[in-house]
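Numbering (my numbering), first residue to last: 537 to 747. C-beta atoms are modelled at their ideal positions from N, C-alpha and C, and glycine is treated no differently. Structure record follows, encoded as structure tokens.
If you want it as structure tokens, here you go:
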């Protein structure tokens, strides 16, 4: 089944330009490995990069011109998967993560485990989360951005359902209480800042939460 929830165009454009931090690059690259639609979108952005630079040098470019350029170029693009940039030696998402190395799974709450990924950039962390079937996570928001890619299983919350290959972009303006489906769920996450637990229980356990 193909993913139905994708990174924003802005995030894909930043990936194509090499402008993302290391953790976010890993999560987006993992999504691209699972999503032909977004591979083609990144190819569009890479192909028109020079065109946009030329337009900017001539005094800027309009949204309409950008849209026309993408439409014209994408019609001629080959449909094979993109090389996975600096992660191109990895043949699977699992191998991509292993390029960096990871720590052991550690218990962080009832039914939930965390596995850290070794990155040099500590400003935005990358890690994996594993949750048991039926686990309900506390309602929370974020002090920074969070990208979450589902690798196994599914979770859902107020904004919908997320299955394998789906990616969620969250920030301080989003509050959610994810519930894991009927099987174990594993996600790859890039997080800036911390989570902010809501409600009385959340405030009580907040000092003990270290994601």
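Complete alpha helix (DSSP H) runs within the region 650 to 686 (minimum length 4 residues, chain order): none
7 Å Cβ shell around residue 647 - same chain, five flanking residues per side excluded: Numbered from 1 along the chain shown, position 111 holds the residue referred to as residue 647. Same-chain partners within the cutoff: 667, 668 and 671.
CA nearest to the CA of residue 687, picked from 566, 557 and 546: Here the question's residue 687 lines up with position 151 in the chain shown. The residue with the shortest Cα to Cα distance from residue 687 is 566.
Collapsed DSSP secondary structure at residue 542 in the structure displayed: Indexing the chain shown from 1 puts residue 542 at position 6. Three-state result, residue 542: coil.
Nearest to residue 705 (by Cα), restricted to the options 681, 715, 697 and 689: If you number the chain shown from 1, residue 705 lands on position 169. Of the listed residues, the one whose Cα sits closest to residue 705 is 681.
Close Cβ partners of residue 693 (< 6 Å) along its chain, the five nearest in sequence each way excluded: By one-based count along the chain shown, residue 693 stands at place 157. Taken in chain order, the residues that qualify are 712, 713 and 714.
Bridge partner(s) assigned by DSSP for residue 643: Taking the first residue of the chain shown as position 1, residue 643 is located at position 107. The partner list for residue 643 (beta bridge, DSSP) reads 649.
Identity of the residue in 633, 665 and 643 nearest residue 655 by Cα: Within the chain shown, the letter at position 119 stands for residue 655. Among 633, 665 and 643, the Cα nearest to that of residue 655 belongs to 633.
Run of the beta strand (DSSP E) containing residue 692, from where it starts to where it stops: For the purposes of this step, residue 692 is taken as the residue at position 156 of the chain shown. Residue 692 -> beta strand (DSSP E) spans 691 to 693.
Backbone secondary structure at residue 705 - three-state DSSP: Numbered from its first residue, the chain shown carries residue 705 at position 169. Residue 705: strand per DSSP, three-state reduction.
Of the listed residues 541, 726, 628 and 689, nearest to residue 653 (C-alpha basis): Taking the chain shown and counting its residues from 1, one reaches residue 653 at position 117. Here the closest residue by C-alpha is 726.
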